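Chemist: Per the working numbering, the sequence shown starts with residue 1, numbered consecutively.
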Amino acid sequence: QDVCILCIDMWFPLQKVNRRLHLSKSKNTKFNESGQLCVFHLVSSVWSLYILVTEGYLLHPSSLWENYPHIHLRFQVKFFYLAQLAYWLHALPELYFQKVRKEEIPRQLQYICLYLLHVLAAYMLNLSRVGLVLLFLQYFSELLFHIARLFYFTDESHQKMFDLWAAGFVFTRMVTLTLSFLVVGFGLARAENQGFDLEMGNFNTVLIRMTVLLLVCVTQSWLLWKFIRFQLRRWREFRRTQDARKKAGPKPALRPLKRDSLGHHENGVLKAENGASPRTKKIKAP
Numbered sequence: 001q002d003v004c005i006l007c008i009d010m011w012f013p014l015q016k017v018n019r020r021l022h023l024s025k026s027k028n029t030k031f032n033e034s035g036q037l038c039v040f041h042l043v044s045s046v047w048s049l050y051i052l053v054t055e056g057y058l059l060h061p062s063s064l065w066e067n068y069p070h071i072h073l074r075f076q077v078k079f080f081y082l083a084q085l086a087y088w089l090h091a092l093p094e095l096y097f098q099k100v101r102k103e104e105i106p107r108q109l110q111y112i113c114l115y116l117l118h119v120l121a122a123y124m125l126n127l128s129r130v131g132l133v134l135l136f137l138q139y140f141s142e143l144l145f146h147i148a149r150l151f152y153f154t155d156e157s158h159q160k161m162f163d164l165w166a167a168g169f170v171f172t173r174m175v176t177l178t179l180s181f182l183v184v185g186f187g188l189a190r191a192e193n194q195g196f197d198l199e200m201g202n203f204n205t206v207l208i209r210m211t212v213l214l215l216v217c218v219t220q221s222w223l224l225w226k227f228i229r230f231q232l233r234r235w236r237e238f239r240r241t242q243d244a245r246k247k248a249g250p251k252p253a254l255r256p257l258k259r260d261s262l263g264h265h266e267n268g269v270l271k272a273e274n275g276a277s278p279r280t281k282k283i284k285a286p
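Following this line, the structure appears as structure tokens:
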């Protein structure tokens, strides 16, 4: 209930900001998407971090693979995974009810299916402990991205948040790969209970471990490829803006009108400084 109240309290201010910005239709859709996901990632990050601290997984990293399989889950851990599955499952029909553009549907389907696959795999294969750590890292990285995009839509000069997200994104990919190989590749490989036992929930076999590591590596590589393309697009836009400014150049200053040395014009007649008309030259006859 507290989580729902927090989401509602954060959602309404975002809607007020959206009405004041007067964004285009495409930007308005992305703003609403980032606003919704920003709230979800914030709640999920705080929630998963709270579980990691209270369960003691951060202080004892070896507990991520010791005593596998982890079939006896505490209520808060099980409820967290069920809430994650419920959210990403509800995101599928939401694409239809929100009337998302056809161009955006493939991109959103990719992310929804990837989240469903990883959350479900961690829950079904009894890898809930390492799954909590990886979800916390991923959600925190996504939180930085959507905050940066919200700032960008309010003012396009805000680019520093994207730099902060870029550093966090690379760090998240490195920690995710390192932790996956540490837990699955080394920790579970040295465990005593090797073998496949469906009743006991033991999936600690070489084939399953290699499949899990392959899934993690492919996903991280795909995310890195998307990240590199995004950074290259930002760099091109920045260079295009800089080139346009250079071509425009500084505006020429307006030259002040020089006053006639003899005087000034008044009603079409040249007047001297003292107000008298200047003497006209006599033209000699030929």
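Ideal Cβ placement from N, Cα and C applies to all residues, glycine included.
Please read these numbers as outputs of a predicted model, since none were measured by experiment.
Give me, in chain order, the residues of the same chain whose beta-carbon lies closer than 6 Å to that of Ala148; leave out the 5 immediate sequence neighbours on both sides.
Modeler: Here residue 148 refers to the residue found at position 148 when the sequence shown is read from its first residue. So the list reads Met161, Phe162, Trp165, once near-sequence residues are dropped.
Chemist: So, with DSSP's three-state summary, where would you put Asn204?
Modeler: Residue mapping note: residue 204 aligns to position 204 of the sequence shown, counting from 1. Reduced to three states, the DSSP call for Asn204 is strand.
Chemist: Below 7 Å between beta carbons: does that hold for Leu137 and Thr176?
Modeler: Taking the first residue of the sequence shown as 1, we reach residue 137 at position 137. Taking the first residue of the sequence shown as 1, we reach residue 176 at position 176. For Leu137 and Thr176, yes; Cβs fall inside 7 Å.
Chemist: Kindly identify the DSSP beta-bridge partner or partners of Gly195.
Modeler: The count along the sequence shown starts at 1 and reaches residue 195 at position 195. Gly195 is bridged to Asn204.
Chemist: Taking the C-alpha atoms as reference points, what is the distance between Leu49 and Leu42?
Modeler: In the sequence shown, residue 49 corresponds to position 49, counting from 1. In the sequence shown, residue 42 corresponds to position 42, counting from 1. Cα-Cα distance, rounded: 11 Å.
Chemist: Identify the continuous alpha helix (DSSP H) that holds Gly131 and give its terminal residues.
Modeler: For the purposes of this step, residue 131 is identified with residue 131 of the sequence shown, where counting begins at 1. Looking at the DSSP string, the run of the alpha helix (DSSP H) that includes Gly131 is 128–154.
Chemist: Going by C-alpha distance, which of Thr219, Leu144, Thr205 is nearest Phe40?
Modeler: Looking up residue 40 in the sequence shown gives position 40. Per the Cα distances, Leu144.
Chemist: Among Gly185, Pro61, Thr54, Glu94, whose alpha-carbon lies nearest the alpha-carbon of Gln76?
Modeler: Position 76 of the sequence shown, counted from the first residue, corresponds to residue 76. Residue Thr54 is the option with its Cα nearest to Gln76.
Chemist: Could you please give the first and the last residue of the uninterrupted alpha helix (DSSP H) stretch that includes Pro106?
Modeler: Taking the first residue of the sequence shown as 1, we reach residue 106 at position 106. Note, Pro106: alpha helix (DSSP H), 105–124.
Chemist: How would you call Ser128, buried or exposed, if buried means at least 16 neighbouring beta carbons within 10 angstroms?
Modeler: Locating residue 128 in the sequence shown gives position 128, where the first residue counts as 1. By the 10 Å Cβ count, Ser128 comes out buried.
Chemist: Taking 7 Å as the limit between beta carbons, can you name the residues of its chain near Ser180, skipping five residues before and five after?
Modeler: Mapped onto the sequence shown, residue 180 falls at position 180. Counting only Cβ-Cβ distances below 7 Å, and skipping sequence neighbours, we find Leu213, Val216.
Chemist: Considering Cα atoms alone, identify which of Trp47, Met200, Val133 is closest to Val183.
Modeler: For this step, residue 183 is matched to residue 183 along the sequence shown. Checking every option, the nearest Cα to that of Val183 belongs to Val133.
Chemist: Have a look at Glu199 and Ser62 and give me their C-alpha separation to the nearest angstrom.
Modeler: Taking the first residue of the sequence shown as position 1, residue 199 is located at position 199. Taking the first residue of the sequence shown as position 1, residue 62 is located at position 62. Distance between the alpha carbons of Glu199 and Ser62 is about 25 Å.
Chemist: Helix, strand or coil for Val183 per DSSP?
Modeler: For this step, residue 183 is matched to residue 183 along the sequence shown. DSSP places Val183 in helix when its eight states are reduced to three.
Chemist: Between the Cα of Leu117 and those of Gln84, Leu232, Lys226, spot the shortest distance and give me the residue it belongs to.
Modeler: What you label residue 117 is simply residue 117 of the sequence shown in a count that begins at 1. For the residues Gln84, Leu232, Lys226, the minimum Cα distance to Leu117 belongs to Gln84.
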